[in-house]
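The sequence shown begins at 0 in numbering that gives the first Met the number 0 and counts up one residue at a time. Glycine is no exception: its CB is placed at the ideal position from the N, C-alpha and C atoms. The block underneath contains the structure these notes are about, expressed in structure tokens.
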Amino acid sequence: MRSSRLLAGTAALALLPLSAFAQAAPVTKLDSGDTAWMLTASMLVLMMTIPGAALFYGGMVRAKNLLSVMMQCFAITALITVLWIVYGYSLAFSTEGMRAGITGWHSFIGGLDRAMLAGLTPDSRYQTVPESVYVMFQLTFAIITPVLIVGAYAERMRFAAMLWFSALWFTLVYLPIAHMVWSGPGSLLGDLGVLDFAGGTVVHINAGVAGLVACLVIGKRRGWPHTHMPPHNLGYTVIGASLLWLGWFGFNAGSAVAANGSAGMAMLVTQIATAAAAIGWTAVEWTIHKRASVLGIASGAVAGLVAVTPAAGTCGPGGALLIGLAAGAICFFTATRLKYRLGYDDTLDVFGVHAIAGIVGALLTGPFAAASLGGFGHVASAWGQLWIQAKGVGFTIAWSALLSVAILKLLDRTLGLRVDAEQEQMGLDLAEHEERAYDLQR
0 MRSSRLLAGT AALALLPLSA FAQAAPVTKL DSGDTAWMLT ASMLVLMMTI PGAALFYGGM
60 VRAKNLLSVM MQCFAITALI TVLWIVYGYS LAFSTEGMRA GITGWHSFIG GLDRAMLAGL
120 TPDSRYQTVP ESVYVMFQLT FAIITPVLIV GAYAERMRFA AMLWFSALWF TLVYLPIAHM
180 VWSGPGSLLG DLGVLDFAGG TVVHINAGVA GLVACLVIGK RRGWPHTHMP PHNLGYTVIG
240 ASLLWLGWFG FNAGSAVAAN GSAGMAMLVT QIATAAAAIG WTAVEWTIHK RASVLGIASG
300 AVAGLVAVTP AAGTCGPGGA LLIGLAAGAI CFFTATRLKY RLGYDDTLDV FGVHAIAGIV
360 GALLTGPFAA ASLGGFGHVA SAWGQLWIQA KGVGFTIAWS ALLSVAILKL LDRTLGLRVD
420 AEQEQMGLDL AEHEERAYDL QR
């Protein structure tokens, strides 16, 4: 009897490690609700590029350049899709050689073990959704990021140079930053503790800084700022901004990778911050100019969408309200004052809205993730996290700026970046594509 009890006790002790392991690493099962939501979120984010960004940007350029902007958005969508499958997903999300707390080569960039989506099957899982769905979801982020840069050099970059720039920038700038932030334990900025729920650093600061560099390297549009260059169709811009607002729910709430409370809160705070930023921009504009413009309220809404992106998974409603108000008010000045003061021709205010709102949002993510300020981020210190966020922002700015300069200078010396004076005067629709957006003679 005594020996049997001893044997039973020994067996129980032997099973303890197995039980503990099973609790620490549960086997994930496919969840149909999560999968349905992520399929929907992927479509919403793709809609942000085509037609969302295409209409938003297209309405703000002159009529002679409408098709060129739309073509750039469409072509980048196709180009990045192919590159993502060939090597992009692997370099961004491969965890080969990564170990938590150890900095090495793969803390900066993934391996090529998942090139051509090697190992992907219908049964592959990422958390509770098919990995194929996660591949598609992250692809939509990879597409829209270089598309955002289009707004900075619109109306003057050659189409061939734009394709080469987008491909090289995606490879050398986007993929490493995405890996350093989102690939998990062992990633450089992830191990540092940088919070970026849906792309404040990876997407918006990254693209916005590249946009500033691009417009500086390429130079001003001929006639700017002395020649008046108003948007040719603000109706398109409002439709585009509305599609961006709607699609951003997939962008932010989809980053929960589940149909759960985190996704629900991300959707709510996205709505709050966007509305607050639209009001913030309009209030400042009304105070200064004694009017409220359609372009202003649309731009303010985009600033709010950008700013709440890194914080969407960790801030509460109150934090979202303050983040949105701050982003709307600040971006009014950077988009309407700063570029004229400093003399850089950021055509559609990519730096003034995306980079600046991204910086505001990424920094404020730190304190507003703290429970004491209504957040859900489980951070040790609100101000300590602010410092961590600042380091992440600074690193992203430096990485994007330096590599963007190198890529643009290389292309300028080989292909040439800019159309000639006659082509720019004619408009890129005819000069590059031999087509018109509007045939008014019929």
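Just confirm the distance between the C-beta atoms of residue i and residue j, as a whole number of angstroms; I'd bet it's less than 8 Å.
i	j	result
residue 110	residue 130	No, residue 110 and residue 130 are not in contact; Cβ-Cβ is about 17 Å, not under 8 Å.
residue 47	residue 243	5 Å
residue 113	residue 88	6 Å
residue 168	residue 209	6 Å
residue 254	residue 197	4 Å
residue 217	residue 201	Not really, about 24 Å apart at Cβ, beyond 8 Å.
residue 67	residue 428	5 Å
residue 387	residue 192	5 Å
residue 41	residue 249	7 Å
residue 266	residue 252	4 Å
Using 10 angstroms around the beta-carbon of residue i, count the other beta-carbons present and answer buried if the total reaches 16, otherwise exposed.
i	result
residue 19	Any reading at residue 19 is ruled out, since the residue's pLDDT is 30, under 50, leaving its predicted position unreliable.
residue 154	buried
residue 348	buried
residue 293	exposed
residue 431	buried
residue 456	This structure leaves residue 456 out entirely; the chain is present only between 0 and 441.
residue 25	Residue confidence is low: residue 25 scores 45 on pLDDT, short of 50, so the model does not pin down where it sits. No coordinate-derived value is stated.
residue 323	buried
residue 108	buried
residue 224	exposed
residue 122	exposed
residue 98	exposed
residue 51	buried
residue 234	exposed
residue 56	buried
residue 145	buried
residue 45	buried
residue 227	exposed
residue 49	buried
residue 35	exposed
Determine the contact status of residue i and residue j, defining contact as a CB-CB distance below 8 Å.
i	j	result
residue 246	residue 43	yes
residue 272	residue 306	yes
residue 91	residue 174	yes
residue 205	residue 426	no
residue 120	residue 28	no
residue 199	residue 360	yes
residue 326	residue 277	no
residue 309	residue 194	yes
residue 232	residue 58	yes
residue 355	residue 392	no
residue 211	residue 350	yes
residue 215	residue 339	no
residue 237	residue 301	no
residue 280	residue 330	yes
residue 150	residue 395	no
residue 148	residue 76	no
Jot down the residue ranges of each uninterrupted beta strand (DSSP E) in the segment 352-427, minimum 3 residues, whole runs only, in chain order. The segment 352-427 contains no whole beta strand (DSSP E) run of 3 or more residues.
Would you list, in sequence order, the uninterrupted alpha helix (DSSP H) runs of no fewer than 4 residues that lie entirely inside the segment 302-358? Complete alpha helix (DSSP H) runs here, min 4: 316-332, 338-341.
Contact between the segment 311-321 and the segment 174-186 (3+ Cβ pairs under 8 Å): Verdict: no, contact absent.
Any chance the segment 368-379 sits against the segment 334-341, with 3 or more Cβ pairs inside 8 Å? Counting Cβ pairs under 8 Å, fewer than three are found: no touch.
Is it true that the segment 319-332 meets the segment 269-287, where meeting means three or more beta-carbon pairs spaced less than 8 Å apart? Note that the segment 319-332 touches the segment 269-287; at least 3 beta-carbon pairs, one per stretch, sit closer than 8 Å.
Which whole runs of the alpha helix (DSSP H) in the segment 129-175 are 4 residues long or more, in chain order? Unbroken alpha helix (DSSP H) runs of no fewer than 4 residues, entirely contained in the segment 129-175, are found at 130-152, 158-168, following chain order.
Hey, is the segment 415-423 in contact with the segment 388-405, meaning 3+ C-beta pairs nearer than 8 Å? Taking 8 Å as the limit for Cβ pairs, the verdict is that the segment 388-405 does not touch the segment 415-423.
For a minimum of 4 consecutive residues, which ranges assigned as the alpha helix (DSSP H) are wholly contained in the segment 21-100? Correct list: 31-46, 53-59, 65-82, 88-92.
Count Cβ pairs between the segment 71-85 and the segment 138-156 that sit closer than 8 Å; are there 3 or more? Yes, the segment 71-85 is in contact with the segment 138-156.
Let me know the alpha helix (DSSP H) ranges lying completely inside the segment 212-278, each 4 residues or longer, listed in chain order. As far as the segment 212-278 is concerned, its whole alpha helix (DSSP H) runs of at least 4 residues are 233-252.
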